[in-house]
Amino acid sequence: MSLKSDAATSSLPIAAASLAPARQRLAKRVRARAITRVVYFHTDHFEPWRTFDGRRALGPENARDLERFANEMAAHEYGRRLTLFIKPHLNFALRRGADIRHATPDDDLGFIDRTPQEIEAARAALSPIIDRTGIEFQLHVHHENYTSNAVNTVVGTDIGKYLATPRGAAHDAARFALAVRLNLDILQQEVGRSFARWFFIHGHWALNASDDQDCRIVDEIRILQQLGCLGDFTCPAGRPNVDPRHEVPYLALPVAAPKGYDTRAADPVPIAGAGQAVARQRFLVWASAIKHGAASIDHSSEFVRRRGDDLETAAAKLIDQSYLHDGTLYVKTHSHSVHPAYSDGRAPACFPHAYPATRDLLGLTFDAAADGGAEIAFLTTSEVYDQLVNSPVKSTADLKSAFADASVGGRLRRALSWSKGKA
642 MSLKSDAATS SLPIAAASLA PARQRLAKRV RARAITRVVY FHTDHFEPWR TFDGRRALGP
702 ENARDLERFA NEMAAHEYGR RLTLFIKPHL NFALRRGADI RHATPDDDLG FIDRTPQEIE
762 AARAALSPII DRTGIEFQLH VHHENYTSNA VNTVVGTDIG KYLATPRGAA HDAARFALAV
822 RLNLDILQQE VGRSFARWFF IHGHWALNAS DDQDCRIVDE IRILQQLGCL GDFTCPAGRP
882 NVDPRHEVPY LALPVAAPKG YDTRAADPVP IAGAGQAVAR QRFLVWASAI KHGAASIDHS
942 SEFVRRRGDD LETAAAKLID QSYLHDGTLY VKTHSHSVHP AYSDGRAPAC FPHAYPATRD
1002 LLGLTFDAAA DGGAEIAFLT TSEVYDQLVN SPVKSTADLK SAFADASVGG RLRRALSWSK
1062 GKA
């Protein structure tokens, strides 16, 4: 199936007559869940400074792709309010010099200062998105190439050899903190807004050492919090092992342990109705019953392309499994909109939101929701966060029982229940 753009299907499609029965059945699901409002928001792993096929990161090819992305998203109601968790262009090297910054005097690995020309080129490339849409920018960081990890992504290089030493690994947390500060400075210059308050998506999903193939920083959430981050939208993840056990978005205390956000010590509290006083002390971890297989719209994956064969089932998952609070259904999708998989140099890339099966899926879902009596809204992640924290209705979800079930007593209760059922 082609991954290229289809100009003939560039607007939100109206459900065809053949989908009318499915639309009616889906509307019944909306009414059954007492959904009165559907909020759609998208969290994109946005990495625009690509160097495939000899491109320069801040060269004209990437700038042209960003302009076309801006134009296509501006043409869709559901594309104008996306949140792009952008990975800034920040180089690093194993050397010293006036143009390179180190986390500590003892760390040999540092980050190269951006030049004024690079900042201006990035600002110009992003300006069509800023000027033509209501898209929000947040931060996406891949640190597996400049901190130690089990895979040693840069194995065989001088940097890889350095990171494999105790001395190189000892600076991981400080190096990550410096990288985040530099990335925020870069974003502030490029998109023209303050990042005193911001949100995060972890590269390769591995938040807070939840997968040591990419991350061994056990106090990552504490570092993010100290730098102004309010929460993480990594999950539902492409690596199920990093998903928390909870299935509602929640606020957690920072815990210095692998996957510390999924421990009893994190003292999880549902975000809905928590209020600002509680939220200020904690860190949002987005969680939901819906998982990666239903939330991803990356059509480089075959399972996403197959959705066109059964749109009703895909829409039913969005309606049945997305997070519901006080009548509002929060439908969250994610993708990698400017991944090189969507470009082959011969034809324009088909961005995920322009992919026909995805447009049909969103169209069917929104149409069915409207038929079921629900209002449709398109929000950014910061708006979703504020809406949930300040909700006048407090969530009654019991997150403590999830840890009780994992205890010895919980396992015994499940075993007894199973044996009774067999009898």
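Just add 641 to wherever you are in the sequence shown, counting from 1, and you've got this note's numbering.
Even glycine gets a Cβ: it sits at the ideal position worked out from N, Cα and C.
For residue i, count neighbouring Cβ atoms within 10 angstroms of its own Cβ and tell me buried if that reaches 16, exposed if not.
i       : result
THR969  : buried
ASP1041 : A small fix is needed here, since residue 1041 is Lys in this sequence, not Asp. Exposed, by the Cβ-count rule.
LEU660  : buried
VAL859  : buried
SER835  : exposed
GLN779  : buried
GLU861  : buried
VAL910  : buried
GLU713  : buried
GLU688  : buried
ASP813  : buried
GLY809  : buried
ASP1069 : In the structure as shown, the chain begins at 642 and stops at 1064. Residue 1069 is therefore absent and cannot be evaluated.
ARG863  : buried
Could you give the distance in angstroms between the alpha-carbon of residue i and the alpha-carbon of residue j?
i       : j       : result
PHE1019 : LYS802  : 47 angstroms
PRO885  : LEU731  : 30 angstroms
ARG670  : LEU965  : 13 angstroms
ASP749  : PHE817  : 14 angstroms
PHE1044 : ALA898  : 16 angstroms
ALA649  : PRO997  : With a pLDDT of only 31 at ALA649, under the threshold of 50, the placement of this residue in the model should not be trusted; the figure read from the coordinates follows. So the two alpha carbons sit approximately 10 angstroms from each other.
ASP1039 : PRO701  : 52 angstroms
TRP839  : LEU823  : 14 angstroms
LEU1003 : ALA956  : 8 angstroms
ASN790  : ASP799  : 15 angstroms
ALA734  : ASP740  : 11 angstroms
ILE938  : PRO746  : 44 angstroms
SER1048 : GLU759  : Note that SER1048 has pLDDT 48, beneath the 50 cutoff, so the model's placement of it is unreliable and the number below is only indicative. Distance between the alpha carbons of SER1048 and GLU759: 54 angstroms.
ASP903  : ARG880  : 15 angstroms
GLU718  : ARG923  : 33 angstroms
HIS994  : SER768  : 20 angstroms
GLN917  : PHE944  : 39 angstroms
GLU1024 : THR774  : 16 angstroms
ARG946  : LEU952  : 11 angstroms
TYR983  : ARG905  : 41 angstroms
ARG921  : ASP1008 : 37 angstroms
SER942  : SER976  : 10 angstroms
If you follow the beta strand (DSSP E) that residue i is in, where does it begin and where does it stop?
i       : result
ASP951  : Segment: none, ASP951 is in no beta strand (DSSP E) and carries neither H nor E.
ARG1073 : Residue 1073 lies beyond the residue range present for the chain, which begins at 642 and ends at 1064; the question has no answer from this structure.
ARG742  : 741–743
ASP873  : 870–873
ILE753  : 751–753
ALA893  : 891–893
HIS781  : 777–782
LEU660  : No beta strand (DSSP E) holds LEU660; DSSP gives it neither H nor E.
HIS966  : 964–966
Going by the beta-carbon positions, is the gap between residue i and residue j smaller than 7 angstroms?
i       : j      : result
GLU785  : ASP685 : no
ALA1015 : THR677 : yes
LEU1029 : ALA913 : yes
ALA766  : ALA704 : yes
LEU894  : ALA907 : yes
ILE869  : ALA847 : A small correction: the amino acid at residue 869 is Gly; Ile does not occupy that position in the sequence shown. It is not a contact, given that the beta carbons lie outside the stated cut-off.
ARG709  : ALA715 : no
ALA744  : LEU825 : no
LEU925  : GLY872 : yes
ARG764  : PHE752 : no
GLY724  : THR954 : Strictly speaking, residue 724 in this sequence is Thr, with Gly absent from that position. Contact: no.
VAL1034 : ASP961 : no
SER963  : VAL972 : yes
ALA936  : PRO890 : no
PHE693  : PRO981 : yes
HIS887  : ALA928 : yes
Taking residue i as part of the alpha helix (DSSP H), name the residues at either end of that continuous run.
i       : result
LYS728  : Note, LYS728: premise wrong, no alpha helix (DSSP H); not H, not E.
PHE693  : Run containing PHE693: none; DSSP gives neither H nor E here.
PHE841  : Run containing PHE841: none in the alpha helix (DSSP H); it sits in the beta strand (DSSP E), 839–843.
GLU861  : 861–867
VAL1025 : 1022–1030
GLU702  : 701–715
LYS802  : 799–804
THR999  : 997–1012
ASP685  : That residue, ASP685, is in no alpha helix (DSSP H); its beta strand (DSSP E) goes 678–687.
HIS994  : Where HIS994 is concerned, there is no enclosing alpha helix (DSSP H), given that its DSSP letter is neither H nor E.
ALA765  : 757–773
How many whole angstroms separate the CB atoms of residue i and residue j, which I take to be in contact at a CB cut-off of 8 angstroms?
i      : j      : result
VAL782 : VAL821 : 6 angstroms
THR875 : HIS683 : That pair is no contact at about 14 angstroms.
ARG664 : ASP950 : Wrong, their Cβ atoms sit about 17 angstroms apart, outside the cutoff.
THR999 : HIS940 : 7 angstroms
PHE841 : LEU804 : So it is not a contact: roughly 22 angstroms between Cβ atoms.
ALA698 : ILE770 : That pair is no contact at about 17 angstroms.
For chain C, is any of its Cβ atoms less than 7 angstroms away from the one on residue i?
i      : result
CYS870 : Here there is only one protein chain, and chain C is not present.
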